[in-house]
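A.B. asks:
Residue numbers (the numbering used here), protein chains in the order written: chain A, 588 to 700; chain B, 19 to 135.
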């Protein structure tokens, strides 16, 4: 699976949009971009995933560049509870399942009051 | 509904002892995964079960590690002759089938924190 590069940390003011970047320049055509987050001492939580089109759900929006070499996760109105480590992961889907997910170091997002 | 549950939440053991970690996936989920996370590190894939297919054991670090999934539901991860480097949080995740939801998503449990003294 393709490797991803994320900034180690970011701050965001409460109520503002948090934009988390991710580079995945070696992504293959059949690999999806996933975002998970992990709040301290909890298991990772799925946020969103996409292939090449932008995606939006109740938690966030995912913007994937046209060449698919980078993406941005957007939390439109960050709250203190959004403070977590955010992981950008690239993985193939086989028979509908993203078999194993390879988690890197992620971005520690701190939402400030 | 109920999420993925794991037990125990914490386990302290002595070097050389065997331990068993349990995972109860979300009811009806066909895929089950084990990962481990060492302090300050990312997740490391261990093993993957999908329905009745043979499990993908490619992530198991040594033959001291094994896992079973009985009846397509509950899974047990066993570590024999534990070593101090086995200390980590062991996380279980499950995914639904195509018919039940989005099989591309993994739902994680809270983990079992294993400490080997």
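Each residue gets a CB set at the ideal place from its N, CA and C atoms; glycine is no exception.
Taking 8 Å as the limit between beta carbons, can you name the residues of its chain near residue 70 (chain B), skipping five residues before and five after?
C.D. replies: Indexing the second chain from 1 puts residue 70 (chain B) at position 52. The residues are 90.
A.B. asks: Could you list which residues in chain B have their beta carbon closer than 9 Å to that of residue 619 (chain A), in chain order?
C.D. replies: The count along the first chain starts at 1 and reaches residue 619 (chain A) at position 32. Correct list: 122.
A.B. asks: With 16 other CB atoms within 10 Å as the buried threshold, where does residue 36 (chain B) fall?
C.D. replies: In the second chain, the residue the question calls residue 36 (chain B) occupies position 18. The residue in question, residue 36 (chain B), is exposed, as its Cβ has fewer than 16 Cβ neighbours within 10 Å.
A.B. asks: What are the partner residues of residue 42 (chain B), as DSSP defines its beta bridges?
C.D. replies: Position 24 of the second chain, counted from the first residue, corresponds to residue 42 (chain B). Answer is B:23, bridged to residue 42 (chain B).
A.B. asks: With 16 as the cutoff for other CB atoms within 10 Å, does residue 630 (chain A) come out buried or exposed?
C.D. replies: The count along the first chain starts at 1 and reaches residue 630 (chain A) at position 43. Residue 630 (chain A) comes out buried.
A.B. asks: State the DSSP-derived secondary structure class of residue 603 (chain A), mapped to helix, strand or coil.
C.D. replies: For this step, residue 603 (chain A) is matched to residue 16 along the first chain. Residue 603 (chain A) falls in the coil class under three-state DSSP.
A.B. asks: In the DSSP assignment, what residue or residues form a beta bridge with residue 61 (chain B)?
C.D. replies: To locate residue 61 (chain B), count along the second chain from 1; it is residue 43. Its beta-bridge partners are B:55.
A.B. asks: Could you compute how far the alpha carbon of residue 95 (chain B) sits from the alpha carbon of residue 632 (chain A)?
C.D. replies: Sequence index remark: in the second chain, residue 95 (chain B) carries index 77 (1-based). Sequence index remark: in the first chain, residue 632 (chain A) carries index 45 (1-based). Taking the straight line joining both Cα atoms gives about 22 Å.
A.B. asks: Can you check which of these residues, A:674, A:624, A:599, A:640, is closest to residue 610 (chain A) by C-alpha distance?
C.D. replies: Numbered from 1 along the first chain, position 23 holds the residue referred to as residue 610 (chain A). Of A:674, A:624, A:599, A:640, the residue nearest in Cα terms is A:674.
A.B. asks: Three-state secondary structure (DSSP) at residue 624 (chain A)?
C.D. replies: Working through the first chain from its first residue, we reach residue 624 (chain A) at position 37. Three-state DSSP puts residue 624 (chain A) in a strand.
A.B. asks: Cα separation between residue 657 (chain A) and residue 32 (chain B)?
C.D. replies: Residue 657 (chain A) sits at position 70 when you count from the first residue of the first chain. Residue 32 (chain B) sits at position 14 when you count from the first residue of the second chain. Their backbone Cα atoms lie some 45 Å apart in a straight line.
A.B. asks: Let me know the secondary structure DSSP gives residue 618 (chain A) once reduced to three states.
C.D. replies: One-based indexing of the first chain puts residue 618 (chain A) at position 31. The answer is strand: DSSP assigns residue 618 (chain A) an E or B state.
A.B. asks: Residue 689 (chain A) touches chain B at which residues, Cβ-Cβ below 9 Å?
C.D. replies: In the first chain, the residue the question calls residue 689 (chain A) occupies position 102. The contacting residues are 60, 61, 62, 63.
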